[in-house]
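> Residue numbers (numbering that gives the first Met the number 0), protein chains in the order written: chain A, 0 to 190; chain B, 0 to 434.
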Amino acid sequence: MNKIYLIIGFVIMVAAQWFVPGQMIVEQESVLKDGTAYKFKTMPIDPSDPLRGKYINLNFEMQRAFTKDSMIDYGNDLYVYLKNDADGFAKATIASREKLDLKQDYIKVEANYYYEDSISFSVPFNTFYMEESKAYPAETLVRQANRDSILNNCYGLVYVKDDRAVLDNVMIDDEPIKDYVAKHIKENTQL
Amino acid sequence: MNSKIERELDELVTAKVITPIVEQDIRQYYAREKVAQPNKLFAIFGVLGSLLTGLGVILILAHNWDDFSRATKTIWAFAPLVVGQLLVAYTLFKKKSNAWKETAAVFLFFAIGSSIALVSQIYNIPGEMSSFLLTWIILAAPLVYLLKSHAAALLHILFATIYACNAGYFYDASPYLYLLMLGWLAPYYWMQLKSRTSDNITGIFNWFLPLSMLISLGAFIQWDNSFVFLTYIFLFGLFYNLGKLPVFENQKLRTNGYLILGSLGTVITLFITSFRFVWDEFINEFLSINDSVTTVVIGVVTLAVIAFLFSKKRLRPFNLFQYVFILFIGICVFKTEGSFVPTVLINILILALGVFTVEMGARKNLFSVLNYGLLIITGLITCRFFDTDISFVLRGLLFVAIGAGFFGANYFMYKKASRKSVSEVSVNQKMKNDE
Numbered sequence: 000m001n002k003i004y005l006i007i008g009f010v011i012m013v014a015a016q017w018f019v020p021g022q023m024i025v026e027q028e029s030v031l032k033d034g035t036a037y038k039f040k041t042m043p044i045d046p047s048d049p050l051r052g053k054y055i056n057l058n059f060e061m062q063r064a065f066t067k068d069s070m071i072d073y074g075n076d077l078y079v080y081l082k083n084d085a086d087g088f089a090k091a092t093i094a095s096r097e098k099l100d101l102k103q104d105y106i107k108v109e110a111n112y113y114y115e116d117s118i119s120f121s122v123p124f125n126t127f128y129m130e131e132s133k134a135y136p137a138e139t140l141v142r143q144a145n146r147d148s149i150l151n152n153c154y155g156l157v158y159v160k161d162d163r164a165v166l167d168n169v170m171i172d173d174e175p176i177k178d179y180v181a182k183h184i185k186e187n188t189q190l
Numbered sequence: 000m001n002s003k004i005e006r007e008l009d010e011l012v013t014a015k016v017i018t019p020i021v022e023q024d025i026r027q028y029y030a031r032e033k034v035a036q037p038n039k040l041f042a043i044f045g046v047l048g049s050l051l052t053g054l055g056v057i058l059i060l061a062h063n064w065d066d067f068s069r070a071t072k073t074i075w076a077f078a079p080l081v082v083g084q085l086l087v088a089y090t091l092f093k094k095k096s097n098a099w100k101e102t103a104a105v106f107l108f109f110a111i112g113s114s115i116a117l118v119s120q121i122y123n124i125p126g127e128m129s130s131f132l133l134t135w136i137i138l139a140a141p142l143v144y145l146l147k148s149h150a151a152a153l154l155h156i157l158f159a160t161i162y163a164c165n166a167g168y169f170y171d172a173s174p175y176l177y178l179l180m181l182g183w184l185a186p187y188y189w190m191q192l193k194s195r196t197s198d199n200i201t202g203i204f205n206w207f208l209p210l211s212m213l214i215s216l217g218a219f220i221q222w223d224n225s226f227v228f229l230t231y232i233f234l235f236g237l238f239y240n241l242g243k244l245p246v247f248e249n250q251k252l253r254t255n256g257y258l259i260l261g262s263l264g265t266v267i268t269l270f271i272t273s274f275r276f277v278w279d280e281f282i283n284e285f286l287s288i289n290d291s292v293t294t295v296v297i298g299v300v301t302l303a304v305i306a307f308l309f310s311k312k313r314l315r316p317f318n319l320f321q322y323v324f325i326l327f328i329g330i331c332v333f334k335t336e337g338s339f340v341p342t343v344l345i346n347i348l349i350l351a352l353g354v355f356t357v358e359m360g361a362r363k364n365l366f367s368v369l370n371y372g373l374l375i376i377t378g379l380i381t382c383r384f385f386d387t388d389i390s391f392v393l394r395g396l397l398f399v400a401i402g403a404g405f406f407g408a409n410y411f412m413y414k415k416a417s418r419k420s421v422s423e424v425s426v427n428q429k430m431k432n433d434e
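Given below as structure tokens:
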């Protein structure tokens with residue numbers, strides 16, 4: 000192969016290999032820096048990805064939104080508008096297939112089923128990666144605390160800006176879940 | 000030089016079949032060839048080393064080091080990528096050996112995956128495995144041509160197959176991009192076939208590609224409402240006919256993955272469809288539109304290959320295996336009348352294939368082909384024992400008959416081969432005496 004083509008090809012390949020992860024970082028950082036923070040009440044469960052590591056899958060309480068549009072099909076893209084409730088957690092106000100002229104933040108979700116003036120949906124930011132030894136204890140600790148009614152304060156801290164939403168952290172009693180889990184693992188080993 | 004050849008040479012000199020001078024010439028020839036050959040072992044170990052290191056890096060990063068800040072983790076995400084790219088640059092611009100190229104390509108391939116995986120992990124970016132694999136494959140695709148790396152090409156096929164399976168089997172979406180991925184490799188494979196037809200690596204590609212297509216075909220079809228067997232027999236027909244192309248047929252049989260997979264696949268599919276309950280329960284009369292298109296496309300390509308073979312006058316002598324997929328459509332037409340007629344016709348077709356293969360083996364003096372034909376007939380009889388009410392005595396007699404057939408046919412071939420070698424020896428002797 001001609002050397003000049005080789006150099007051009009190599010430079011394009013390297014640029015693309017930097018551009019893709021780089022662009023992912025820039026987009027996420029922009030939301031974290033300029034977006035509005037919302038607290039989404041949630042429950043974690045613990046699966047594993049062979050390449051990206053252990054993560055907790057978040058089962059959000061907010062799963063339905065009001066709409067009169069009965070023509071929404073399963074899998075349609077939806078805009079769900081947000082506001083904070085009296086306790087400071089995110090609450091869905093209205094869902095629509097098109098963007099509405101509202102001065103509220105919104106998240107882009109995938110529609111599930113329509114039932115009696117409301118649509119259920121799946122939020123996209125339901126994956127939170129954790130250190131491999133903490134993902135499973137995170138799930139069991141939260142489930143146990145929830146069963147014992149100690150816990151009413153597990154939420155995902157999500158930054159929202161335009162079409163993008165970035166899950167920054169999962170908090171338990173306003174403490175990052177990794178610290179909460181580390182503290183409990185330490186307590187259990189000391190017993 | 001191979002130690003076996005060395006021993007043989009000593010024996011030949013002792014028996015005075017060759018002179019010591021000829022022996023020296025032969026030794027020098029092999030010594031020269033060895034120097035000319037690149038150190039393949041070094042390349043293989045380099046690739047294995049890179050493969051393990053690359054996978055190791057992915058696993059280490061997947062641990063998720065939560066004591067590090069987001070910025071530190073981001074730097075780590077790019078570290079393997081930078082190392083891989085520098086390695087590739089050094090290999091390319093210093094014109095290093097093939098072993099370097101293969102090692103660098105494999106390392107960078109996995110570094111790309113680890114970098115995207117870690118960024119997804121740091122920012123909790125959700126996303127299906129198929130889209131993650133797709134990004135990875137696209138970013139690594141230029142390695143095949145920039146480095147002319149066989150390992151990168153094989154990894155490309157492997158990951159394209161994993162992508163197709165992930166998208167097609169788990170998410171029920173036809174992974175058409177898989178075809179583009181194979182298309183990307185087409186020029187590389189073509190160059191390989193043209194310039195290095197008999198290399199071992201070309202043989203490996205000749206197996207990897209049809210195996211990948213075979214595994215991925217299922218991702219394109221809708222299993223619950225389709226005539227799956229028709230689509231598969233078309234694919235096997237395509238493989239068999241591709242295996243008959245001069246570029247493959249003139250090579251050793253073991254490097255012709257198309258022919259072997261096509262033949263075995265055809266026979267196994269016919270065995271399955273030789274059971275009546277398969278026609279009653281699993282074979283629908285109609286194909287879904289998606290599956291019809293897939294099947295028709297495979298059929299058209301196969302017919303094009305047959306037309307090409309015809310133009311090159313390579314359809315003689317007649318080979319039944321090449322046309323099984325057409326006969327299968329004909330048999331399917333009878334499905335409207337019930338399952339009995341197609342079942343009987345499939346059984347006759349298998350028997351015909353068995354007899355044809357035995358005859359071909361006898362004609363070409365090939366024990367392997369002859370026994371393959373006998374195995375097809377044995378398989379047919381064994382299958383029929385599971386779904387018919389033939390008495391034990393008759394089954395026993397049939398098995399004895401087919402066993403005797405094995406002995407008889409092999410003995411006949413052995414005699415024929417012996418007679419041929421004796422007559423060749425006497426002709427040589429006569430020529431020597433005449434001289």
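Glycine is no exception: its CB is placed at the ideal position from the N, C-alpha and C atoms.
What is the DSSP secondary structure of M359 (chain B), reduced to helix, strand or coil?
Judged by DSSP in its simplified three-state form, M359 (chain B) adopts helix.
> Please look up how many angstroms separate the CB atoms of G372 (chain B) and V357 (chain B), rounded, as I've assumed it's under 8 Å.
4 Å
> Contact check, R163 (chain A) vs E26 (chain A) under 8 Å by CB: the rounded distance?
6 Å
> May I ask you to list the residues that DSSP assigns as paired with D76 (chain A)?
A:E109
> Per DSSP, Y158 (chain A) is paired with what?
Y158 (chain A) has A:A36, A:V165 as its beta-bridge partners, per DSSP.
> Quick check on Y175 (chain B): does DSSP put it in helix, strand or coil?
coil
> Give a yes or no on whether the minimum CB-CB distance between F9 (chain A) and chain B is below 8 Å.
yes
> Tell me the rounded alpha-carbon separation between L269 (chain B) and L263 (chain B).
Near 10 Å, if we compare the C-alpha coordinates of L263 (chain B) and L269 (chain B).
> Residue range of the alpha helix (DSSP H) that R69 (chain B) falls in?
69-92 is the span of the alpha helix (DSSP H), which, as asked, contains R69 (chain B).
> Identify each residue in the segment 126-138 of chain A for which the Cβ-Cβ distance to at least one residue of chain B is less than 8 Å, and report them in chain order.
Those residues of the segment 126-138 of chain A that come within reach of chain B (Cβ to Cβ, closer than 8 Å) are T126, F127, Y128, M129, E130, E131, K133.
> So with Cβ pairs under 8 Å, would you call I106 (chain A) a contact of chain B?
no
> Using a Cβ cut-off of 8 Å (strictly closer), state whether D65 (chain B) contacts chain A.
yes
> What residues from chain B crowd round Q27 (chain A), counting only those whose CB sits closer than 9 Å?
Those within 9 Å of Q27 (chain A) in chain B are V118, I121, Y122, N123, I124.
> Are any of the Cβ atoms in chain B nearer than 8 Å to that of Q62 (chain A)?
no
> With DSSP as the reference, label D48 (chain A) as helix, strand or coil.
strand
> Where L210 (chain B) and L216 (chain B) are concerned, what is the direct C-alpha to C-alpha distance, given to the nearest angstrom?
Distance between the alpha carbons of L210 (chain B) and L216 (chain B) is about 10 Å.
> What would DSSP say about T126 (chain A), mapped onto helix, strand or coil?
strand
> What are the residues in the segment 86-118 of chain B lying within 9 Å of chain A by C-beta distance?
Residues passing the 9 Å Cβ filter: V87, A88, L91, F92, L107, A110, I111, G112, S113, S114, I115, A116, L117, V118.
> Taking Cβ positions only, does Q103 (chain A) come closer than 8 Å to chain B?
no
> Looking only at its own chain, which residues have a Cβ that is under 6 Å from the Cβ of F235 (chain B), when we skip the five neighbours before and after it?
So the list reads G261, G264, T265, once near-sequence residues are dropped.
> Taking DSSP as the reference, what is the three-state secondary structure of Y122 (chain B)?
If DSSP states are grouped into helix, strand and coil, Y122 (chain B) belongs with coil.
> Indicate whether L80 (chain B) and S114 (chain B) have their beta-carbon atoms separated by less than 8 Å.
Their beta carbons are under 8 Å apart, which means L80 (chain B) touches S114 (chain B) by this criterion.
> Answer yes or no: does any C-beta atom of chain A fall closer than 8 Å to that of A185 (chain B)?
no
> Would DSSP call M70 (chain A) helix, strand or coil?
coil
> Does any CB atom of chain A fall closer than 8 Å to the CB of Q84 (chain B)?
yes
> Tell me whether S117 (chain A) sits in a helix, a strand or coil according to DSSP, three-state version.
strand
> Quick check: the Cα distance between L146 (chain B) and D116 (chain A), rounded to an integer number of angstroms?
59 Å
> Taking 8 Å as the threshold (beta carbon to beta carbon), is G52 (chain A) in contact with chain B?
yes
> Check F238 (chain B) in the structure and name its three-state DSSP category.
Helix at F238 (chain B).
> Give a yes or no on whether 8 Å exceeds the smallest Cβ distance from H155 (chain B) to chain A.
No, H155 (chain B) does not count as interfacial toward chain A.
> Hey, would you say I345 (chain B) sits closer than 8 Å to I325 (chain B), going by beta carbons?
No, the Cβ-Cβ distance between I345 (chain B) and I325 (chain B) is not below 8 Å.
> Could you list the residues in the segment 142-167 of chain B with a C-beta less than 9 Å from some C-beta on chain A, going in chain order?
Only L142, Y144, L145, K147 from the segment 142-167 of chain B bring a Cβ to less than 9 Å from some Cβ of chain A.
> Determine contact between the segment 3-22 of chain A and the segment 133-147 of chain B, defined as no fewer than three beta-carbon pairs at a distance below 8 Å.
Three or more beta-carbon pairs drawn from the segment 3-22 of chain A and the segment 133-147 of chain B are found closer than 8 Å, and the two stretches are therefore classed as touching.
> Using a Cβ-Cβ distance under 8 Å, would V141 (chain A) count as near chain B?
Cβ-Cβ to chain B under 8 Å: no for V141 (chain A).
> Buried or exposed: which applies to P20 (chain A), given that a residue is buried once 16 or more other Cβ atoms fall within 10 Å of its Cβ?
Classified as buried, P20 (chain A) has 16 or more neighbouring CB atoms from the shown chains inside 10 Å of its CB.
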